[in-house]
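Remarks on the structure that follows.
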Amino acid sequence: MSNEKILIVEDEKKIADIVKSYLEREGFQVTLAGTGEAALQQIRSHFELVILDLMLPDIDGEDVCKAIRETSDVPIIMLTAKSSEDERVRGLGIGADDYVIKPFSPRELVARVKAHLRRTRKDEKKVLSFNQGLLTINTTCAEVTSAGKVVPLTTTEFRILLFLAERPQMVFSRLRIVNAVQGYDFEGYDRVIDAHIKNIRHKIEENPQKPAFLKTVYGAGYKFIGVPD
Ligand code: CA
0 MSNEKILIVE DEKKIADIVK SYLEREGFQV TLAGTGEAAL QQIRSHFELV ILDLMLPDID
60 GEDVCKAIRE TSDVPIIMLT AKSSEDERVR GLGIGADDYV IKPFSPRELV ARVKAHLRRT
120 RKDEKKVLSF NQGLLTINTT CAEVTSAGKV VPLTTTEFRI LLFLAERPQM VFSRLRIVNA
180 VQGYDFEGYD RVIDAHIKNI RHKIEENPQK PAFLKTVYGA GYKFIGVPD
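Numbering (numbering that gives the first Met the number 0), first residue to last: 0 to 228.
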């Protein structure tokens with residue numbers, strides 16, 4: 000179960016309690032705020048996601064949203080009773096990530112919460128890691144480590160490795176690989192790809208003759224066989 004923290008900003012106690020119990024059942028840690036003021040107090044601590052009612056007794060939900068956005072990129076799902084398109088668009092324009100129209104099904108809200116959290120987790124995952132950290136690929140700074148040591152790859156080698164590593168167990172032909180990393184093919188590209196693969200293996204494989212990452216699929220091409228951590 001997750002320990003992700005969710006803040007619910009909702010003055011209607013009944014709705015807040017129902018949503019809270021649904022989320023807690025999924026393993027989330029839920030904090031309730033019944034007013035905009037309370038929400039702005041709470042937001043100083045860390046939350047993975049905020050569910051924010053548009054109609055609050057003190058501060059307008061939109062203003063709460065704007066205030067949160069001044070300091071935080073936390074995903075915000077707006078609860079709104081207003082269903083006109085304008086309101087929805089406005090809700091998203093002020094920095095909310097999603098909206099749910101009241102009355103809503105708690106189940107659907109929970110599904111949306113999970114979808115947003117999945118997306119956030121994915122964005123954070125800028126370092127791909129395989130075989131218990133034996134191979135890591137940092138997609139932000141294009142740095143690759145093998146057994147803890149940085150290995151210098153050329154740009155093309157890096158692109159080939161990343162293309163395959165992002166799609167483990169999928170077999171790609173040499174043509175497909177050259178198209179993915181160069182955007183075009185050229186005469187003799189298959190030998191060029193083979194040469195690149197050979198170079199990458201020498202840099203990342205413990206035993207290039209028995210690769211743990213870049214496997215040759217005879218008659219077909221290559222596939223990445225590392226196990227994602
Ligand atoms: Ca309300």
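Glycine residues also receive a C-beta, built at the ideal position from the N, C-alpha and C atoms. Treat the numbers as computed from the prediction; the structure is a model and nothing was measured.
*asked:* Any residue with its C-beta under 7 Å from a non-hydrogen atom of ligand 1 counts. Can you list them all in chain order?
replied: The answer, residue by residue, is GLU9, ASP10, GLU11, ASP52, MET54 and LEU55.
*Rounded to the nearest angstrom, how far is the Cβ of VAL4 from that of GLU47, given a contact under 8 Å?*
The question names Val, but residue 4 is Lys in the sequence shown. The distance from the Cβ of LYS4 to that of GLU47 is about 6 Å, consistent with a contact at the 8 Å cut-off.
*In terms of residue numbering, what span does the beta strand (DSSP E) encompassing ILE75 cover?*
Where ILE75 is concerned, the enclosing beta strand (DSSP E) starts and stops at 75-79.
*asked:* Check this for me: beta carbons of VAL8 and ILE76, under 8 Å apart or not?
replied: With contacts defined as CB atoms closer than 8 Å, VAL8 and ILE76 fail to qualify as a contacting pair.
*Beta carbon of ILE136, beta carbon of ALA164: below 8 Å?*
Closer than 8 Å, so yes.
*Could you tell me whether the region 139-149 touches the region 53-69, where touching means 3 or more Cβ pairs closer than 8 Å?*
By the Cβ rule, the region 139-149 does not count as touching the region 53-69, because fewer than three pairs are nearer than 8 Å.
*Compute the distance between the beta-carbons of ASP228 and SER128, then report whether it is under 8 Å.*
Yes, these two residues count as a Cβ contact at 8 Å.
*With distances taken from CA atoms, which of ASP96, ASP193 and ILE14 is nearest LEU116?*
Here the closest residue by C-alpha is ASP96.
*asked:* Pop quiz: LYS222 and PHE171 are said to be a contact at Cβ under 8 Å. What is the actual Cβ separation, rounded to whole angstroms?
replied: Going by Cβ atoms, the distance from LYS222 to PHE171 rounds to 7 Å, so yes, they are a contact pair.
*Can you name, in chain order, every residue of its own chain whose Cβ lies under 7 Å from the Cβ of ASP52, other than the five neighbours on each side?*
The answer, listed in chain order, is VAL8, GLU9, ASP10, GLY60 and LEU78.
*When burial is assigned at 16 or more other CB atoms within 10 Å of the CB, is LEU152 buried or exposed?*
LEU152 is buried by the Cβ-count criterion.
*Please classify CYS64: is it buried, with 16 or more other beta-carbons within 10 angstroms of its beta-carbon, or exposed?*
Counting Cβ neighbours within 10 Å, CYS64 comes out buried, since at least 16 surround it.
*Give the DSSP-derived three-state secondary structure of GLN131 in the structure shown.*
Reduced to three states, the DSSP call for GLN131 is coil.
_For GLU204 and ALA194, believed in contact at Cβ under 8 Å, the rounded distance_ = Between ALA194 and GLU204 a beta carbon distance of about 15 Å is seen, past the 8 Å cut, so the two are scored as non-contacting.
_Classify LYS19: buried if its beta carbon has 16 or more other beta carbons within 10 angstroms, exposed otherwise._
Buried is the call here.
*asked:* DSSP three-state label for TYR98, please.
replied: TYR98 sits in a strand when the DSSP states are folded into three classes.
_I need the DSSP call for SER145, collapsed to helix, strand or coil._
In the structure shown, the three-state DSSP call for SER145 is strand.
*Quick one: Cα of ALA66 to Cα of LEU31, how far?*
If I take the Cα positions, the gap works out to 18 Å.
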